[in-house]
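These notes are about the structure you will find just below.
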Amino acid sequence: MSVDINSRLHPHEQLKVNKNGDLDEGGNFNDSLAKLSSELVKGVIDPFVNIEGKGFCIEKTQNFVSRMPKEEISEDIVNMYKYLVATNEKFQ
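Structure (structure tokens):
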């Protein structure tokens with residue numbers, strides 16, 4: 051899933067297995083990820099968290115997140131997950 055994203059990043063900033071991507075290989079904050087087009091990121095993630103015609107799906111998202119190695123889950127992912135679940139529980 052990260053091939054298209056990694057193709058847009060310098061090698062030392064690319065996503066790697068068992069790393070959450072917050073820091074680059076030099077230990078510096080990896081702000082290149084924040085500069086990526088949201089459409090690119092959504093295109094990668096949407097099939098794993100949305101149901102066509104319905105939008106966000108808590109069950110698909112829980113399944114997707116549960117398959118991620120804990121080392122790859124950044125604080126941003128945790129906060130976004132909590133926000134999406136809390137916001138969308140009202141509409142389930």
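The opening residue of the sequence shown carries number 51 in our numbering; numbering runs sequentially from there.
Cβ coordinates follow ideal geometry from the N, Cα and C atoms, glycine included.
Could you please give the first and the last residue of the uninterrupted alpha helix (DSSP H) stretch that includes residue i?
{"i": "Asn56", "result": "Val53 to Asn56"}
Can residue i and residue j be called in contact, C-beta distance under 9 Å?
{"i": "Glu122", "j": "Lys69", "result": "yes"}
{"i": "Asp74", "j": "Ser87", "result": "no"}
{"i": "Leu90", "j": "Asp126", "result": "no"}
{"i": "Glu108", "j": "Val135", "result": "It is Ile, not Glu, that sits at residue 108 in the sequence shown. Yes."}
{"i": "Ser62", "j": "Gly76", "result": "Here residue 62 is His; the residue named in the question, Ser, does not match the sequence. Cβ atoms of His62 and Gly76: closer than 9 Å."}
{"i": "Gly105", "j": "Asn80", "result": "no"}
Throw me the rounded Cβ distance for the residue i and residue j pair, which I believe falls under 8 Å.
{"i": "Val99", "j": "Phe114", "result": "6 Å"}
Residue ranges of each alpha helix (DSSP H) within the region 71-120, 4 or longer: 88-99 and 108-116
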